[in-house]
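Read left to right, the sequence shown gives residues 50 to 265 (this note's numbering). Take a look at the structure below.
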Amino acid sequence: MISASALAAAALLVALPAAGSGPNPVTAGPGPHAVAAADPGPDAVALALADPGPNAVTVADSFRTRAGGAAVTYAPDAVPGGARVRVSEHPAHKGGTRFTLRVDGLPAGRTYGAHVHREACGPKPEDAGPHYQNVKDPVQPSVDPAYANPRNEVWLDLTTDDRGTGRAEATVAWRVRPGEARSVVLHEHATETHAGRAGTAGARLACVTVPFGTAR
Ligand SMILES: [Cu+2]
Numbered sequence: 050m051i052s053a054s055a056l057a058a059a060a061l062l063v064a065l066p067a068a069g070s071g072p073n074p075v076t077a078g079p080g081p082h083a084v085a086a087a088d089p090g091p092d093a094v095a096l097a098l099a100d101p102g103p104n105a106v107t108v109a110d111s112f113r114t115r116a117g118g119a120a121v122t123y124a125p126d127a128v129p130g131g132a133r134v135r136v137s138e139h140p141a142h143k144g145g146t147r148f149t150l151r152v153d154g155l156p157a158g159r160t161y162g163a164h165v166h167r168e169a170c171g172p173k174p175e176d177a178g179p180h181y182q183n184v185k186d187p188v189q190p191s192v193d194p195a196y197a198n199p200r201n202e203v204w205l206d207l208t209t210d211d212r213g214t215g216r217a218e219a220t221v222a223w224r225v226r227p228g229e230a231r232s233v234v235l236h237e238h239a240t241e242t243h244a245g246r247a248g249t250a251g252a253r254l255a256c257v258t259v260p261f262g263t264a265r
C-alpha cells in the first residue's frame, strides 16, 4: 500500500522538472498562452491611462560639442560640454500635457529661453526647425502672439541658480502630434512676447532631441 503523502511527494518530484526550464521547449517556451499574457487587455489599458507615470517620455543626457548623442551644444561658453539636461513629457488625464526641463552645470544666474521645436537636433542650430505649434500659424516664421504664445507652443525658459542648475515646467491643454515635435532648444535669452518678435529668444545655444508624443 502506498500512502497518500508518498503519492503527493512522487507527484511533486515528477512535477518539479516540468515546471522549470526543462528539456521540453514546447511547454517551457512562449506558446499561445504567452501571447495572451502579453496582451494587457482592457483593464491594463485603463490602468495605464489612469497613471501618467508609464506614459512619460524622458530623455537625460550630457551636452556634447558634436552632434551624435541626444544633446548637443553650439555655444560651449553658454552651455558647456558635459552639462546635463533632462526633459520629460507627461501626458495628463484630460488630454493635456506637462513638460519639464532640468539643466545642471550651466553658468550660474543666467536666463535661457527654451522651447519645443519640430525637428531633431543636428550639426547646425537651425536643424531643429521652427517651434512646435498646436495650431499652426499660416504665416512662417511665426512671430504673431496669437500663435507664438505659451498656450499654443511649449515654452520652458529658465534661470540658473548659483550652482548652475535650472528648472522649468510648462503645461498645455493638448497632446503633441507624434513625430511632429522632436527637440528642445536652449536660446540666448528669455522668450519675447510682443508682435513681430513673439516666440523669439535670440541665438540657438544648444539642443536636445526628444521623441515627443511617442508614449501612448
Ligand atoms: Cu526656440
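C-beta atoms are modelled at their ideal positions from N, C-alpha and C, and glycine is treated no differently.
Check: Short Cβ contact (8 Å threshold) for Pro129 with Gly145; Outcome: no
Check: For review: beta carbons within less than 5 Å of any heavy atom in ligand 1; Outcome: His164, Val234
Check: Residue range of the beta strand (DSSP E) that includes Leu150; Outcome: 146–153
Check: CB contact flag (Pro179, Pro187, <8 Å); Outcome: no
Check: Buried versus exposed, by CB contacts within 10 Å (16 or more), Arg226; Outcome: exposed
Check: Neighbourhood of Asp110 by C-beta, 7 Å cutoff - its chain only, sequence neighbours within 5 removed; Outcome: Gly118, Ala119, Ala120, Val134, Val257
Check: Member of Phe261, Arg151, Arg147, Trp223 whose CA lies at the smallest distance from the CA of Gly213; Outcome: Arg151
Check: Expected contact under 8 Å - CB spacing of Val136 and Val259 to nearest Å; Outcome: 5 Å
Check: Glu202 versus Glu237, Cys170, Glu218, His142, residue with shortest Cα-Cα distance; Outcome: Glu218
Check: Strand pairing of Glu138, partner residues [DSSP]; Outcome: Val106, Phe148
Check: For Ala177, the three-state DSSP class (helix, strand or coil); Outcome: helix
Check: Which of helix, strand or coil DSSP assigns to Ala197; Outcome: coil
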